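Worksheet for the structure shown next.
2 protein chains.
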Amino acid sequence: MLEYSSQPHYLVAVDCIVFGFDGEHLKILLVKRGLEPEINKWSLIGGFVGSNESPDEAAQRVLKKNTGLEGIYLEQLQIYGEPARDPIERTFSVGYFALIDINKYKTQLNDDYHAEWFLISERPKLIFDHDRMVGDAREKLRYKAALHPILFEMLPKKFTIPQLQILFEEVNDTKIDTRNFSRKISSTGLLIKLEEKDKSGSKKGAYYFKLDKKKYQANLQAFLNLIPNLKPL
Amino acid sequence: MLEYSSQPHYLVAVDCIVFGFDGEHLKILLVKRGLEPEINKWSLIGGFVGSNESPDEAAQRVLKKNTGLEGIYLEQLQIYGEPARDPIERTFSVGYFALIDINKYKTQLNDDYHAEWFLISERPKLIFDHDRMVGDAREKLRYKAALHPILFEMLPKKFTIPQLQILFEEVNDTKIDTRNFSRKISSTGLLIKLEEKDKSGSKKGAYYFKLDKKKYQANLQAFLNLIPNLKPL
DNA sequence: TTATTAATTGTCGTTTTGACATTTAATATA
DNA sequence: TATATTAAATGTCAAAACGACAATTAATAA
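The listed protein sequences correspond, in order, to chains W and F. Quick note: the first sequence uses my numbering, first residue -11, plus one each step. Quick note: the second sequence uses my numbering, first residue -11, plus one each step.
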């Protein structure tokens, strides 16, 4: 085997597929790229991995720098390393997907940064292989969300069952039966019903719930099965 | 944002966690490292990613070079990129896990190469962060195998239900009820019963089965649920 | 008082599950 | 030839989960 020194060296970057939910739709966050090539084209939020940080840390840093967001749910998707994926120079990119509650950061995003939310179906064409990354991330999000309670990351602390259901419907691109859905959600034991109601959506109002954080932590790695008849995207 | 040219460049490697099944036990394939540092210590099969190959291709190449194995089931695990994970120079490593039928390659391995199979519980200590990689791969293997029919990659073309069950028991480190297991396996519709029997294990003999390849391809991405009461490792 | 609107909840037949032991097919042995 | 042995294959049953389905409830508006 060859020595280290004779081996080629490469750039390593991270790219974040940031999914958000605004109470109605599943969206992704895009930015206009700030450097050549493809400057001013729409792109995922990304950046190079620095000398003293891990890819995970780089993703957190890049996300904060571009959007002000901190402490976001981040999960490694996969590495993208086709030799020609970046036309300037060979660059490996570690894909991450992030989950956030859009309303929580709305002002912050609009005022200080020029990142923009897009409906996934109406997003502009992205640079390089970023469209493929989005597709992969979408698939993985759906997969994980069917088995793990990660979608709560995209909701406010207090949320209603109808809100939760809409989110699941968006992620899975399907309609879910109200009765069966709430039965399944209840059976997880993850939710705590609050006294307060959300009156914004109806006259009757919907009860707020919050996460049982202890059970949430315990179930992050556990298996649920929230979506019936799940087929591949 | 900074220009490409001012960014640090790194080495990028691949490391393969090769799982194998010999009819009795789940094992992993290790080699004695051939370069400094840590020369002659036990290690995963790995190598640097060349200029004109993707990480996937590099993994296939490295696997072939070190073991003679070709066309093996390979799946990306995750990237390992802690700044100090390699003491000589910063190196990113893309972890892959591979699945093979040990008996199919037995002679080839022993004669031509000095790779060695180890029971997972009895493996030697590995270099760098390779022990963590093995742990992660083991977890992911169990996770995937509970939902996708990938374990067939570790069996010969003709196999028996008892063999299959032993493999599932090894992967999940648990005993499975024979009756419930064969019912579940049957209900997947993935197996085709052959006339021939395997007489090596008993007087009565166990019928051979083969995969229904069409259904196998269709179900690779579909959801199964073969292991009851699955808990995190 | 009534109409309206969305939230909430219940039933029922079917399927799947998990826990359990017996029967069967072939060879070895008495 | 009959019997013992061994592992493979299979059946039952009660409980739980599932999916399809519509009626009731709580609050405000008219």
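Even glycine gets a Cβ: it sits at the ideal position worked out from N, Cα and C. Owing to the predicted nature of the structure, the values given are computational and were not obtained by experimental measurement.
Same chain only: Cβ atoms within 7 Å of residue i, ignoring 5 sequence neighbours per side
{"i": "Lys128 (chain F)", "result": "Leu65, Phe85"}
{"i": "Leu178 (chain W)", "result": "Pro137, Leu199, Asp200, Lys203, Tyr204, Asn207"}
{"i": "Ile90 (chain W)", "result": "Gly8, Phe9, Asp10, Lys15, Trp105"}
{"i": "Lys163 (chain F)", "result": "Glu157"}
{"i": "Glu63 (chain W)", "result": "Tyr84, Phe85"}
{"i": "Lys52 (chain F)", "result": "Glu58"}
{"i": "Gln48 (chain F)", "result": "Leu62"}
{"i": "Asn98 (chain F)", "result": "none"}
Option in the options with minimal Cα separation from residue i
{"i": "Thr166 (chain W)", "options": "W:Pro150, W:Leu155, W:Val159", "result": "W:Pro150"}
{"i": "Gly38 (chain W)", "options": "F:Val19, F:Gln(-5), F:Thr79", "result": "F:Gln(-5)"}
{"i": "Asn40 (chain W)", "options": "F:Trp30, F:Val50, F:Arg78", "result": "F:Arg78"}
{"i": "Ala1 (chain W)", "options": "W:Tyr196, W:Ile215, W:Ile33, W:Lys92", "result": "W:Ile33"}
{"i": "Val159 (chain F)", "options": "F:Pro112, F:Phe9, F:Lys203", "result": "F:Phe9"}
{"i": "Leu135 (chain F)", "options": "F:Lys185, F:Lys172, F:Asp99, F:Phe7", "result": "F:Lys172"}
{"i": "Glu104 (chain W)", "options": "W:Leu17, W:Gln153, W:Trp30", "result": "W:Leu17"}
{"i": "Leu155 (chain W)", "options": "W:Ala133, W:Val82, W:His102", "result": "W:Ala133"}
{"i": "Arg73 (chain F)", "options": "F:Leu87, F:Pro25, F:Gly59", "result": "F:Pro25"}
{"i": "Ser174 (chain F)", "options": "F:Glu184, F:Pro144, F:Lys163, F:Leu152", "result": "F:Leu152"}
{"i": "Ile27 (chain F)", "options": "W:Arg120, W:Glu(-9), W:Gly189, W:Met121", "result": "W:Glu(-9)"}
{"i": "Leu87 (chain W)", "options": "W:Leu23, W:Leu214, W:Gly59, W:Leu182", "result": "W:Gly59"}
{"i": "Leu44 (chain F)", "options": "F:Leu57, F:Val82, F:Lys191", "result": "With the sequence shown as reference, residue 44 (chain F) is identified as Asp, and Leu is not the correct amino acid for it. Selected option, being the one with the closest Cα: F:Val82."}
{"i": "Ser170 (chain F)", "options": "F:Ile215, F:Asn98, F:Lys113", "result": "F:Ile215"}
{"i": "Ala210 (chain W)", "options": "F:Met142, F:Leu23, F:Ser31, F:Arg130", "result": "F:Arg130"}
{"i": "Thr176 (chain F)", "options": "F:Ala46, F:Ser188, F:Leu212", "result": "F:Leu212"}
{"i": "His13 (chain F)", "options": "F:Lys163, F:Lys191, F:Glu157", "result": "F:Glu157"}
{"i": "Leu302 (chain W)", "options": "F:Ser(-7), F:Leu23, F:Arg120, F:Lys145", "result": "There is simply no residue 302 (chain W) to check, as chain W begins at -11 and stops at 221 in what is shown."}
{"i": "His102 (chain W)", "options": "W:Lys145, W:Gly56, W:Gly123, W:Arg111", "result": "W:Gly56"}
Buried or exposed (CB count within 10 angstroms, at least 16 for buried), residue i
{"i": "Ala125 (chain F)", "result": "buried"}
{"i": "Asn54 (chain W)", "result": "buried"}
{"i": "Ser109 (chain F)", "result": "exposed"}
{"i": "Ala206 (chain W)", "result": "exposed"}
{"i": "Met(-11) (chain F)", "result": "Its pLDDT being 48, under 50, Met(-11) (chain F) is placed unreliably in this model, and the value from its coordinates should be taken loosely. It is exposed - the Cβ of Met(-11) (chain F) has fewer than 16 other Cβ atoms within 10 Å."}
{"i": "Ser3 (chain F)", "result": "First, the amino acid is wrong: residue 3 (chain F) is Asp here, not Ser. Label assigned to Asp3 (chain F): buried."}
{"i": "Gln96 (chain W)", "result": "exposed"}
{"i": "Pro75 (chain W)", "result": "exposed"}
{"i": "Asp117 (chain F)", "result": "buried"}
{"i": "Asp100 (chain W)", "result": "exposed"}
{"i": "Ser42 (chain W)", "result": "buried"}
Cross-strand partners of residue i (DSSP beta bridge)
{"i": "Leu17 (chain F)", "result": "F:Val6, F:Trp105"}
{"i": "Gly83 (chain F)", "result": "F:Asp3"}
{"i": "Leu62 (chain W)", "result": "W:Ala86"}
{"i": "Leu199 (chain W)", "result": "W:Leu179"}
{"i": "Gly35 (chain W)", "result": "W:Val2"}
{"i": "Tyr68 (chain F)", "result": "F:Ser81"}
{"i": "Asp186 (chain F)", "result": "F:Ala194"}
{"i": "Thr148 (chain W)", "result": "W:Tyr196"}
beta-carbon residue i near the ligand PLP non-hydrogen atom, thresh 7 Å
{"i": "Phe80 (chain F)", "result": "Summarising the ligand content, the structure contains no ligands, and the ligand PLP is consequently not present."}
Close beta carbons around residue i, own chain, < 8 Å, minus the five adjacent residues each side
{"i": "Phe80 (chain W)", "result": "Tyr(-2), Leu(-1), Val0, Ala1, Ile67, Tyr68, Gly69"}
{"i": "Pro71 (chain W)", "result": "Arg78"}
{"i": "Val50 (chain F)", "result": "Val2, Cys4, Ile33, Gly34, Gly35"}
{"i": "Lys187 (chain W)", "result": "Gly193"}
{"i": "Val122 (chain F)", "result": "Ile5, Ile16, Leu32, Ile108, Arg111, Leu114"}
8 Å contact criterion, which residue i and residue j should meet: CB distance rounded
{"i": "Phe147 (chain F)", "j": "Tyr196 (chain F)", "result": "7 Å"}
{"i": "Ile138 (chain W)", "j": "Tyr61 (chain W)", "result": "7 Å"}
{"i": "Ile180 (chain F)", "j": "Asp161 (chain F)", "result": "Not a contact, Cβ separation roughly 29 Å."}
{"i": "Phe106 (chain F)", "j": "Lys15 (chain F)", "result": "6 Å"}
{"i": "Leu114 (chain W)", "j": "Trp30 (chain W)", "result": "6 Å"}
Close Cβ partners of residue i (< 6 Å) along its chain, the five nearest in sequence each way excluded
{"i": "Lys185 (chain W)", "result": "Gly193, Tyr195"}
{"i": "Phe140 (chain F)", "result": "Leu199"}
{"i": "Glu183 (chain F)", "result": "none"}
{"i": "Ala46 (chain W)", "result": "Val2, Val37"}
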